[in-house]
Amino acid sequence: MSAHDIQRKWQKYWAENETFLAGGADDNRPRKYVLAMFPYPSGDLHMGHAENYLYSDVVARFWRHRGHNVLNPIGWDSFGLPAENAAIRRGADPREWTYQNIDQQKAAFKSYGVSFDWSRVLHTSDPEYYRWNQWLFLKMYERGLAYRKKSPVNWCPNDQTVLANEQVVDGRCERCGAEVVKKKLTQWYFKITDYADRLLDDLNQLEGFWPHKVLQMQRNWIGRSVGADVDFRIEGRDEPVTVFTTRPDTLHGATFFVVAPDSDLAAELSAGASGEVQQRFQTYLEQVQKTSEIDRQSTDRPKTGVFLERYAVNPVNGERMPIWAADYVLADYGHGAVMAVPAHDQRDLDFARAFDLPVKIVVDTTAPITGTIPVIETDDEGVAVATLDEQHPAQTGIALNGDGRMINSGVLDGLTKRTAIARQIENLEKDGVGRAAKNYRLRDWLISRQRFWGTPIPMLHTETGDVVPVAESALPVRLPSVEGLDLSPKGSSPLGAAESWVRTVDPTTGEPVLRDADTMDTFVDSSWYYLRFLSPNSDTVAFDPEEARRWAPIDAYIGGVEHAILHLLYARFITKVLFDMGLVEFTEPFSSLINQGMVILNGNKMSKSKGNLVLFQEELEQFGADALRVGMAFAGPVEDDKDWADVSMTGAQKFLSRALRVAADVDSPAGAGFDGGDAALRRVTHHLLAEAPGLVEHTKFNVLVARLMELVNAARKTIDTGAGASDPAVREAAETVAMMLDLIAPHTAEEMWEQLGHEPSVGLVVWPQADPALLVEDSVTCAVQVGGKVRATIDVPAKISEADLEALARGDERVQRALEGKEIVRVIVRAPKIVNFAVRG
């Protein structure tokens with residue numbers, strides 16, 4: 001029977017018998033929830049899918065073999081721009097493209113032998129799913145976590161839609177690669193910043209369970225800074241402007257004030273300037289809006305700006321500070337304004353040197369920060385004299401960033417940085433001009449999208465300008481037909497042109513209203529989908545809290561590191577909101593995270609444009625599912641990139657053929673004991689039984705394949721040169737291979753299990769425990785080296801002493817010949833495995 005025949009046979013069996021359905025509430029086995037990040041239906045599966053879903057399947061099958069009730073579902077992240085753009089190119093409905101691709105991928109998954117629970121399939125573009133996106137939005141709105149505001153947003157000119165900060169990579173759209181610009185729009189946001197501290201601090205729960213790199217990326221993205229909010233009075237303005245700073249101790253060194261050109265504050269301040277300045281500011285603003293945030297913050301760019309002819313007043317010394325608009329300050333950082341301390345901040349210093357602004361040193365970085373406070377030299381007016389003339393930033397162009405003692409800072413003089421910060425905050429609070437504060441790099445999650453193929457936002461706009469929620473009883477707000485709609489990007493949502501859809505009546509008041517024409521970011525769909533798998537067919541709840549108590553959080557979540565910030569951060573946020581709503585009992589959705597590497601070819605990332613794609617379907621048809629799975633698993637550690645050029649598919653096929661032949665050759669009855677069988681082979685078998693669980697739990701799947709190869713070879717050796725196929729140890733080895741090979745090559749494993757006289761499915765058989773007595777080696781092979789080269793191997797007792805081992809090595813004829821004419825300088829003995837004679841001559 002060919003590999004493809006075996007494949008079809010067992011896939012038919014699994015489908016007919018629903019082998020991998022999760023057990024219900026009456027199943028008392030301990031539960032494990034295993035989930036791979038669900039795919040986007042952009043065409044057939046590719047080699048990245050082959051890797052990701054192999055690894056998740058290995059973990060799911062492993063826990064079944066360990067006696068667990070396993071939930072391993074599958075769905076499709078089926079809303080989003082690729083489907084819409086493909087539909088635009090074809091002049092078709094994105095629904096058609098999406099669901100055709102889902103059918104194609106579903107067939108490929110089944111051909112690949114992945115042990116999904118096919119009773120729980122979901123598609124995020126089904127109204128039965130996105131109804132609950134809308135329900136979640138309304139719950140967020142009720143809690144003050146969904147709001148609408150006008151602000152500068154990231155705008156993709158190619159896709160003609162806004163992007164969250166997390167969807168901008170190096171200043172470009174993460175979807176299409178177009179350079180992102182800023183545009184001021186009124187949009188919907190989720191208030192993720194309310195959860196910033198919890199999102200940051202709860203990462204400590206995941207240490208050791210998530211890759212360190214991912215944890216660090218999330219910490220950096222949230223970016224918590226501790227310091228003070230300081231209120232600066234602006235001449236001619238009633239309200240003060242608040243600035244966040246991590247260094248309130250350096251306030252006496254602030255010599256000018258900088259606002260983001262694209263902030264409301266800059267527009268307000270420039271309006272009071274002369275006509276010439278207003279014109280210069282407007283020209284500058286247009287230039288800034290075409291520049292990405294990455295470029296704006298680059299330290300290599302020349303500093304640019306416009307003086308606004310306005311002044312701020314330093315609250316600690318009353319000095320007037322000129323106010324400039326400069327692009328190195330961002331509108332959404334802190335409060336969109338900074339106090340510039342050029343002596344101790346490089347970007348401020350570069351700006352000061354570019355526009356000839358004063359530089360004042362307030363930290364003596366040459367002063368010791370331990371020991372007694374030094375005496376500060378002052379001039380005739382009592383102002384501290386800096387001893388840093390030769391290091392003055394105005395001359396050197398290098399800011400003084402080191403620690404030291406405060407100077408030129410009044411009551412703070414002589415204090416160290418840490419003490420001065422605390423003292424300054426006390427003084428600001430006492431004077432009512434500042435307070436301790438925290439700031440975050442994290443910004444609220446912008447969820448509005450100006451595209452058709454997404455979840456409609458369930459809000460209504462009244463004729464009086466109010467915005468009111470759709471009643472829960474009216475959900476889902478379904479997408480209209482695309483007939484007559486132009487879906488091409490145009491800067492506003494195509495839904496706005498669907499007159500019969502957008503114009504409706506508020507069922508509560510009977511008044512005419514307009515539906516919100518934007519759709520939600522598809523990361524909303526994926527932020528909670530793992531919970532929908534628990535109640536995929538419910539039309540009364542998004543998920544059953546009792547099912548969440550039974551199954552969640554996820555025990556093993558598998559996917560690419562490219563989701564380290566966007567998806568994982570949003571899912572963590574929504575989980576915490578659901579916890580606060582009392583719907584789940586946990587605060588972190590994914591207890592363990594496995595990130596796989598990429599599948600590349602000849603050192604390069606695969607892509608259509610490079611013409612170096614390895615097609616999943618072609619590999620599947622040529623080699624069969626099991627060989628493809630073995631080749632992938634054996635290619636290297638999970639987290640490493642795998643170069644498909646180095647993968648031996650023919651080697652994988654040969655290994656599977658050897659395993660099948662071993663099972664076919666077994667000539668002892670099923671169910672008989674294994675005692676009395678070949679002792680050496682039994683030791684190999686039980687060493688694998690002992691080692692395999694740890695290999696899987698530490699994702700060393702490549703090592704597990706290597707150990708299975710060794711056991712197959714050992715069984716073959718016993719059949720051919722030992723007691724033969726009737727030896728009970730051969731049956732034990734073959735059964736062990738079948739049970740463990742099920743993780744990697746399930747079709748071959750099922751066939752072996754049947755050949756060995758057992759009922760299917762081997763995938764549900766609990767692995768036996770290793771016999772401790774067989775883990776104790778009676779003898780081991782010792783390598784004897786002379787001058788660093790192995791000259792002999794000898795079998796010795798496992799518990800031999802170093803002295804006895806050295807004596808045995810010296811007595812071996814091969815070793816004696818190698819030592820002739822040489823002086824032994826040193827003998828290194830590592831009992832029982834190594835003896836090394838270091839020689840001279």
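Residue numbering for the sequence shown follows UniProt numbering, beginning at 1 and increasing consecutively.
For every residue, glycine included, the Cβ atom is placed at its ideal position computed from N, Cα and C.
Straight-line CA distance for residue i to residue j?
i           : j    : result
T396        : G80  : 52 Å
H392        : F232 : 27 Å
S134        : T575 : It should be noted that the sequence gives Gln, not Ser, for residue 134. Their Cα atoms are separated by approximately 16 Å.
N204        : F573 : 15 Å
V214        : R817 : 57 Å
W14         : L487 : 42 Å
L460        : P494 : 17 Å
R707        : D720 : 20 Å
residue 846 : P39  : In the structure as shown, the chain begins at 1 and stops at 841. Residue 846 is therefore absent and cannot be evaluated.
D300        : F209 : 39 Å
H567        : M598 : 18 Å
F20         : S648 : 30 Å
A437        : A260 : 21 Å
W551        : D229 : 44 Å
A664        : N604 : 42 Å
residue 874 : Y440 : Residue 874 lies beyond the residue range present for the chain, which begins at 1 and ends at 841; the question has no answer from this structure.
D778        : A680 : 9 Å
I565        : R224 : 15 Å
M47         : A738 : 26 Å
V765        : P507 : 57 Å
E381        : N317 : Legend: pLDDT at E381 = 49, less than 50; position of this residue unreliable, value from coordinates given subsequently. Distance between the alpha carbons of E381 and N317 is about 15 Å.
P512        : T540 : 29 Å
D44         : E691 : 37 Å
D348        : P342 : 4 Å
W528        : A83  : 21 Å
Using DSSP bridges, identify the partner residues of residue i.
i    : result
L122 : G75
Q596 : G560
H461 : V467, L514
C173 : V168
I824 : V839
Y440 : R224
D231 : T242
V259 : A325, A337
N604 : L601
L590 : According to the sequence provided, residue 590 is Phe. The question's Leu does not apply to it. BP columns for F590 point to I554.
M140 : Per DSSP, none; premise fails for M140.
M520 : S448
K789 : V786
S151 : L185
M406 : V363
E179 : R172
D643 : I600
T416 : R405
How would you call residue i, buried or exposed, if buried means at least 16 neighbouring beta carbons within 10 angstroms?
i           : result
E750        : buried
K430        : exposed
N85         : buried
M606        : buried
residue 845 : For residue 845 there is no data in the structure shown, the boundaries of the chain being 1 and 841.
E735        : buried
A386        : Note on A386: pLDDT 48, under 50, position unreliable in the model; the coordinate value appears next. Its Cβ being crowded by 16 or more others within 10 Å, A386 is buried.
A803        : exposed
P553        : buried
K12         : exposed
Query raised in the report: Do the region 756-770 and the region 786-798 make contact, defined as three or more Cβ pairs closer than 8 Å?
Result: Verdict: no, contact absent.
Query - Cβ contact check for the region 127-145 and the region 455-475: 3 or more pairs under 8 Å - result: Contact holds: three or more Cβ-Cβ distances are below 8 Å.
Report task. Indicate whether the contact test is met: 3 or more Cβ pairs, each with one atom in the region 615-635 and one in the region 741-748, closer than 8 Å. Result -> Yes, the region 615-635 is in contact with the region 741-748.
**Report entry** Entirely enclosed alpha helix (DSSP H) segments - the region 87-131, minimum 4 residues
**Finding:** Segments of the alpha helix (DSSP H) lying fully in the region 87-131: 94-112.
Requested in this report: Could you pull out every unbroken alpha helix (DSSP H) segment of at least 4 residues lying fully inside the region 266-293, listed in chain order?
Outcome: Entirely contained in the region 266-293, the alpha helix (DSSP H) runs reaching 4 residues are, in chain order, 275-288.
Query raised in the report: Does the region 112-125 come within contact of the region 62-77, defined as at least 3 CB pairs closer than 8 Å?
Result: Yes, the region 112-125 touches the region 62-77.
Requested in this report: Write down every uninterrupted run of the alpha helix (DSSP H) in the region 740-785 whose length is 4 residues or greater and which is fully enclosed by it, in chain order.
Outcome: Counting only unbroken stretches of 4 or more residues, the alpha helix (DSSP H) elements lying wholly within the region 740-785 are 746-755, in sequence order.
Report task. Only counting runs of 3 or more residues, tell me where the beta strand (DSSP E) segments fall wholly within the region 8-86, in order along the chain. Result -> Within the region 8-86, the complete beta strand (DSSP E) runs of at least 3 residues fall at 31-36, 69-71.
Report task. Please determine if the region 531-544 and the region 112-122 are in contact, where contact requires at least 3 C-beta pairs separated by less than 8 Å. Result -> Under the three-pair Cβ rule at 8 Å, the region 531-544 counts as touching the region 112-122.
Requested in this report: Would you be able to state if there are at least three C-beta pairs under 8 Å between the region 251-265 and the region 353-368?
Outcome: Judged by Cβ distances under 8 Å, the region 353-368 makes contact with the region 251-265, as three or more pairs qualify.
Query raised in the report: Which full runs of the alpha helix (DSSP H) of 4+ residues lie inside the region 675-723, going along the chain?
Result: Fully enclosed alpha helix (DSSP H) runs of 4 or longer: 679-697, 701-721.
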